[in-house]
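Numbering of the sequence shown is given in the numbering used here, commencing with residue 127 and proceeding in unit increments. All residues carry an ideal CB built from backbone N, CA and C; glycine is no exception. One structure below.
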Amino acid sequence: MAETAPSIMKSLFQGEILEELAFPYPTMDPEEADLVRIITDSLSRWAEDNFDAAEADDHARYPEGTLESLAELGLFGLNVPEEYGGANLSSTAFAKIYGVLASIDGSLPVTVGGHSSIGLKGLLLYGTEEQKRKYLPDLASGKKLAAFALTEPGAGSDAASIQTRAVRQPDGSWLLNGQKQWITNGGEAEFFTVLAKTPMEIDGETKDKITAFIVDWGLEGFTKGPEEHKLGIRASSTVSLFFDNVVLSPDSMLGEQGKGFKVAMHVLNSGRLSVATGVVGSAKANLKELARYANERKQFDRPIAEFELIQEKIARITVGTYVAESMAYLTTGLIDRGDVDYSLESAICKVFASEMGWEMADESVQLMGGLGYMKDYPFERDLRDARINPIFEGTNEILRLFIALAGMRAPGEYLKQLGRALRDPIKGFGFLADYAISRVREVVTDTHLGAAHPALREWSDRFTRYVERFHRSVDSAIMKFGKGVVDRQLMLQRFADSAIDLYGMLAVLSRVTSRIHAVGEEGAKHDMDIAQIYCDGAWRRVRRNLRQIRRHQDRSVRRLAAHMSDRQMYDFPL
Ligand SMILES: Cc1cc2nc3c(=O)[nH]c(=O)nc-3n(C[C@H](O)[C@H](O)[C@H](O)COP(=O)(O)OP(=O)(O)OC[C@H]3O[C@@H](n4cnc5c(N)ncnc54)[C@H](O)[C@@H]3O)c2cc1C
127 MAETAPSIMK SLFQGEILEE LAFPYPTMDP EEADLVRIIT DSLSRWAEDN FDAAEADDHA
187 RYPEGTLESL AELGLFGLNV PEEYGGANLS STAFAKIYGV LASIDGSLPV TVGGHSSIGL
247 KGLLLYGTEE QKRKYLPDLA SGKKLAAFAL TEPGAGSDAA SIQTRAVRQP DGSWLLNGQK
307 QWITNGGEAE FFTVLAKTPM EIDGETKDKI TAFIVDWGLE GFTKGPEEHK LGIRASSTVS
367 LFFDNVVLSP DSMLGEQGKG FKVAMHVLNS GRLSVATGVV GSAKANLKEL ARYANERKQF
427 DRPIAEFELI QEKIARITVG TYVAESMAYL TTGLIDRGDV DYSLESAICK VFASEMGWEM
487 ADESVQLMGG LGYMKDYPFE RDLRDARINP IFEGTNEILR LFIALAGMRA PGEYLKQLGR
547 ALRDPIKGFG FLADYAISRV REVVTDTHLG AAHPALREWS DRFTRYVERF HRSVDSAIMK
607 FGKGVVDRQL MLQRFADSAI DLYGMLAVLS RVTSRIHAVG EEGAKHDMDI AQIYCDGAWR
667 RVRRNLRQIR RHQDRSVRRL AAHMSDRQMY DFPL
């Protein structure tokens with residue numbers, strides 16, 4: 127992906143709406159859609175006859191033969207090019223199959239995602255031809271499982287602080303030492319993408335820079351810890367890895383030396399989107415059960431589905447699922463077009479879907495009443511499984527900071543240039559003229575989302591108006607705080623939450639527009655209800671968040687948190 131590739135969300139931070147990237151809503155190639163149907167039908171049949179999710183959860187491991195069956199179904203090679211034995215599916219097709227996998231069980235997508243979305247993704251993106259030829263056939267067939275190892279006991283969110291080190295030996299090989307923690311698929315995997323610090327000479331100084339390596343299971347000095355006991359996704363493997371003077375061959379480096387952080391970040395973009403599409407798949411399956419139960423279960427002589435408070439829950443879960451799905455598949459569509467930057471979009475999809483998924487799992491237990499709490503039904507397991515999603519692939523706190531700060535980078539650069547031009551107006555004349563024109567355009571244009579269907583005009587107008595307000599708020603925050611924005615986390619969170627809602631609105635407006643074009647307003651009336659419910663809440667949340675950038679209680683929040691950190695106890699006498 128080119129550094130300058132267009133990004134819907136990065137542009138939105140600058141007040142620019144890349145309508146042509148968001149409309150029309152992407153669709154899948156019909157031939158590929160047929161192939162997806164064949165794979166998902168076989169997958170569902172296999173699960174029906176052979177897979178017991180409760181048993182896998184209970185025993186904290188898959189029933190014998192599960193991974194072999196997934197391999198036979200071709201699930202480990204979905205995103206691998208055909209020349210290496212894979213199915214070479216588009217991101218959209220991969221996501222659809224992944225969603226069906228997640229509807230069967232919470233652990234299965236983690237295992238397949240740990241392999242395809244993160245384990246072998248670095249090899250796909252940065253591997254040499256020799257490396258791909260050596261490893262991909264066995265990975266695509268499922269003969270070998272892949273894992274991605276970044277996290278360490280001392281380096282979680284602060285991934286750049288890893289301590290694992292690889293030092294080049296005189297014969298060109300690398301000596302690897304260190305420890306990795308909580309590595310998905312670690313127990314069974316034989317192919318590892320491992321991030322390590324490597325010393326490099328830069329400007330006459332030796333600096334430690336992160337580099338990605340391929341590490342084969344079986345090398346001397348490479349050992350694994352026992353399986354972790356987890357709250358959810360219990361059948362998936364999670365272990366520690368230990369490297370004690372492990373010798374890596376000279377050709378085991380993945381990508382360039384010192385560019386491992388970039389490898390890791392690109393890999394995680396893909397992993398984040400998988401989290402989102404997995405949540406969507408599981409939510410869709412859940413809704414089927416909830417709607418059925420609400421109609422069957424009678425209290426006060428009526429099905430509980432007739433009570434408004436239950437109706438609101440079902441409507442809210444449906445809206446959340448639809449919005450997460452719209453965002454996720456707009457993003458996979460962007461990836462399939464090629465040459466777009468989707469880093470912000472995938473982070474947004476992950477944050478929104480993982481929190482929606484948690485709320486959905488929680489509300490599902492509530493809707494089911496006491497039955498939801500019992501192990502005989504899948505709802506308590508879904509709740510436990512859903513809890514990991516806001517934590518891994520970058521915690522939602524870190525991702526919110528990333529969304530806001532990466533989004534603010536371009537406007538920050540722009541404003542820096544503006545500052546320079548204002549200090550030297552003669553040299554900066556051209557820039558100032560462009561700036562003046564862009565501001566005049568903002569003021570005089572009656573912006574509306576031309577591609578959105580006229581029936582959605584109220585919401586598309588709200589969207590464009592709030593993009594403008596959002597962009598002005600971003601600009602003024604950068605001018606006010608400069609580099610100091612980095613430490614204003616509560617403010618950044620408000621920008622990130624606004625960005626999430628704006629992307630949600632855009633995705634929904636695009637999808638519902640396509641739906642109206644396809645089936646007319648009457649045919650799309652429930653989609654329009656969803657647009658109405660979501661967009662009305664979204665613009666109000668954006669307005670509240672932007673207002674709170676100026677008026678807030680942040681000082682009291684920080685003072686109270688500092689007091690609690692200091693005292694380390696609750697000391698409020700009653
Ligand atoms: C089941 C499971 C599977 C996993 N699989 C893998 C895997 O396959 N490969 C891999 O490399 N890793 C994996 N991980 C690790 C996972 O990615 C990390 O747990 C995650 O990145 C968070 O790191 P941490 O747990 O050390 O939390 P910490 O970084 O210690 O964070 C603790 C809390 O502080 C917050 N926080 C931290 N820094 C900041 C900040 N600057 N500002 C505001 N808040 C902050 C966090 O959001 C979090 O709420 C897995 C973890 C689990 C639990």
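* Asked: Residue ranges of each beta strand (DSSP E) run of no fewer than 3 residues wholly in the stretch 405–448, ordered along the chain?
  -> none
* Where the beta strand (DSSP E) through VAL320 begins and ends -> For this step, residue 320 is matched to residue 194 along the sequence shown. Note, VAL320: beta strand (DSSP E), 317–328.
* To do: Please indicate yes or no: does the CB of LYS350 lie closer than 7 Å to some heavy atom of ligand 1?
  => Position 224 of the sequence shown holds residue 350. No, the beta carbon of LYS350 sits no closer than 7 Å to any heavy atom of ligand 1.
* **CA-to-CA distance, LEU456 to PRO516, given in whole angstroms** => Position 390 of the sequence shown, counting from 1, holds the residue named residue 516. Position 330 of the sequence shown, counting from 1, holds the residue named residue 456. Looking at the two C-alpha atoms, the distance is approximately 21 Å.
* Per-residue DSSP class, three states only, for GLY203 -> Here residue 203 refers to the residue found at position 77 of the sequence shown. Residue state, collapsed to three classes: coil.
* **Cross-strand partners of VAL293 (DSSP beta bridge)** => Taking the first residue of the sequence shown as 1, we reach residue 293 at position 167. DSSP output for VAL293 lists LEU301 as bridge partner(s).
* ILE309 bridges to which residues according to DSSP? -> Residue numbering aside, residue 309 sits at position 183 when the sequence shown is read from its first letter. ILE309 pairs with VAL365.
* Asked: Can you give the Cα-Cα distance for ILE430 and THR254, rounded to whole angstroms?
  -> Here residue 430 is taken as the residue at index 304 of the sequence shown, counted from 1. Here residue 254 is taken as the residue at index 128 of the sequence shown, counted from 1. When rounded, the distance between both Cα atoms is 59 Å.
* **Same chain, Cβ closer than 6 Å to GLU451, neighbours up to 5 away in sequence not counted** => What you label residue 451 is simply residue 325 of the sequence shown in a count that begins at 1. Counting only Cβ-Cβ distances below 6 Å, and skipping sequence neighbours, we find VAL406.
* Asked: Where does ASP511 land, buried or exposed, given buried means 16+ other C-beta within 10 angstroms?
  -> Along the sequence shown, read from residue 1 onward, the residue named residue 511 stands at position 385. With 16 or more Cβ atoms within 10 Å of its Cβ, ASP511 is classed as buried.
* **Cβ pair LEU635, LEU582 closer than 8 Å** => Taking the first residue of the sequence shown as 1, we reach residue 635 at position 509. Taking the first residue of the sequence shown as 1, we reach residue 582 at position 456. Yes. Within cutoff.
* Cα-Cα separation between TRP300 and ASP334, rounded to whole angstroms -> For the purposes of this step, residue 300 is identified with residue 174 of the sequence shown, where counting begins at 1. For the purposes of this step, residue 334 is identified with residue 208 of the sequence shown, where counting begins at 1. Within the model, the alpha-carbon separation for TRP300 versus ASP334 is close to 14 Å.
* Asked: Are ASP342 and GLU316 close, meaning C-beta to C-beta below 8 Å?
  -> As a first step, residue 342 is located in the sequence shown; it is residue number 216 there, counting from the start. As a first step, residue 316 is located in the sequence shown; it is residue number 190 there, counting from the start. Yes, they are a contact pair.
* Asked: Are the beta-carbon atoms of ILE436 and ALA411 separated by less than 8 Å?
  -> Your numbering for residue 436 matches position 310 in the sequence shown. Your numbering for residue 411 matches position 285 in the sequence shown. No. Outside cutoff.
* Near ligand 1: ALA273 beta-carbon under 7 Å from a heavy atom -> Working through the sequence shown from its first residue, we reach residue 273 at position 147. Correct: ALA273 has its Cβ closer than 7 Å to ligand 1.
* Asked: Would you report the Cα separation of ALA221 and ALA228, rounded to the nearest angstrom?
  -> The residue you call residue 221 lines up with position 95 of the sequence shown. The residue you call residue 228 lines up with position 102 of the sequence shown. Rounded to whole angstroms, ALA221 to ALA228 spans 10 Å at the Cα level.
* Asked: Mind checking whether the beta-carbon of ASP458 lies closer than 7 Å to any heavy atom of ligand 1?
  -> The residue you call residue 458 lines up with position 332 of the sequence shown. The sequence given here places Thr at residue 458; Asp does not occur at that position. Because no heavy atom of ligand 1 lies under 7 Å away, the Cβ of THR458 does not count as near it: no.
* To do: Measure the alpha-carbon distance for ARG291 versus SER640 and round it to whole angstroms.
  => As a first step, residue 291 is located in the sequence shown; it is residue number 165 there, counting from the start. As a first step, residue 640 is located in the sequence shown; it is residue number 514 there, counting from the start. Roughly 51 Å separates the two Cα atoms.
* Asked: Do you know how far the Cα of LEU628 is from the Cα of GLU438?
  -> Taking the first residue of the sequence shown as 1, we reach residue 438 at position 312. Taking the first residue of the sequence shown as 1, we reach residue 628 at position 502. Cα to Cα, GLU438 sits roughly 23 Å from LEU628.
* To do: Find the nearest neighbour of ASP613 within the set GLY304, PHE528, GLU584, judged by alpha-carbon distance.
  => The sequence position of residue 613 within the sequence shown is 487, counting from 1. The shortest Cα separation from ASP613 among GLY304, PHE528, GLU584 belongs to PHE528.
* Name the residue from THR337, THR332, ILE288, HIS355 whose alpha carbon lies nearest to the alpha carbon of THR310. => Indexing the sequence shown from 1 puts residue 310 at position 184. Of THR337, THR332, ILE288, HIS355, the residue nearest in Cα terms is HIS355.
* Asked: Hey, is ILE659 close to ligand 1, as in C-beta under 7 Å from one of its heavy atoms?
  -> Here the question's residue 659 lines up with position 533 in the sequence shown. Result no, Cβ not under 7 Å from ligand 1.
* Per DSSP, MET379 is paired with what? -> In the sequence shown, residue 379 corresponds to position 253, counting from 1. DSSP output for MET379 lists PHE339 as bridge partner(s).
* Asked: Does the stretch 258–275 come within contact of the stretch 208–219, defined as at least 3 CB pairs closer than 8 Å?
  -> Three or more pairs of CB atoms, one per stretch, sit closer than 8 Å, so the stretch 258–275 contacts the stretch 208–219.
* **Entirely enclosed beta strand (DSSP E) segments - the stretch 164–237, minimum 3 residues** => List check, beta strand (DSSP E) in window: nothing returned.
* Would you check whether ligand 1 has a heavy atom nearer than 7 Å to the C-beta of SER243? => Reading the sequence shown from its first residue, position 117 is the one you call residue 243. Because no heavy atom of ligand 1 lies under 7 Å away, the Cβ of SER243 does not count as near it: no.
* Asked: Can the beta-carbon of LEU249 be found closer than 8 Å to that of LEU262?
  -> Counted from its first residue, the sequence shown places residue 249 at position 123. Counted from its first residue, the sequence shown places residue 262 at position 136. Taking 8 Å as the Cβ cut-off, LEU249 and LEU262 qualify as a contacting pair.
* Would a check of beta-carbon distances place THR590 closer than 8 Å to chain C? -> Here chain C cannot be found, since the structure has a single protein chain.
* **LYS356, enclosing alpha helix (DSSP H) - first and last residue** => For the purposes of this step, residue 356 is taken as residue 230 along the sequence shown, with counting starting at 1. Careful: LYS356 lies outside any alpha helix (DSSP H) and carries neither H nor E.
* Applying the criterion that 16 or more other CB atoms from any shown protein chain within 10 Å of the CB defines a buried residue, is VAL683 buried or exposed? -> Taking the sequence shown and counting its residues from 1, the one referred to as residue 683 is at position 557. VAL683 is exposed by the Cβ-count criterion.
* **VAL466 beta carbon less than 8 Å from that of PRO537** => Within the sequence shown, numbered from 1, the residue matching residue 537 stands at position 411. Within the sequence shown, numbered from 1, the residue matching residue 466 stands at position 340. No, they are not a contact pair.
* To do: Would you kindly work out how many angstroms separate the C-alpha atoms of ARG677 and PHE596, rounded to a whole number?
  => Looking up residue 677 in the sequence shown gives position 551. Looking up residue 596 in the sequence shown gives position 470. Cα to Cα, ARG677 sits roughly 15 Å from PHE596.
* **Cut-off 6 Å between Cβ atoms - residues of its own chain near ASP692, not counting five sequence neighbours on either side** => On the sequence shown, position 566 is the one that residue 692 refers to. Same-chain partners within the cutoff: there are none.
* To do: Name the two residues that bound the continuous beta strand (DSSP E) containing PHE274.
  => Stepping through the sequence shown from its first residue, residue 274 is reached at position 148. It spans 272–275 - the beta strand (DSSP E) in which PHE274 sits, taken as one unbroken run.
* Mark GLU422 as exposed unless 16 or more other C-beta atoms lie within 10 angstroms of its C-beta, in which case mark it buried. => Numbered from 1 along the sequence shown, position 296 holds the residue referred to as residue 422. Counting Cβ neighbours within 10 Å, GLU422 comes out exposed, since fewer than 16 surround it.
* If we count Cβ pairs, one from each stretch, closer than 8 Å, do we get three or more for the stretch 657–664 versus the stretch 480–489? -> no
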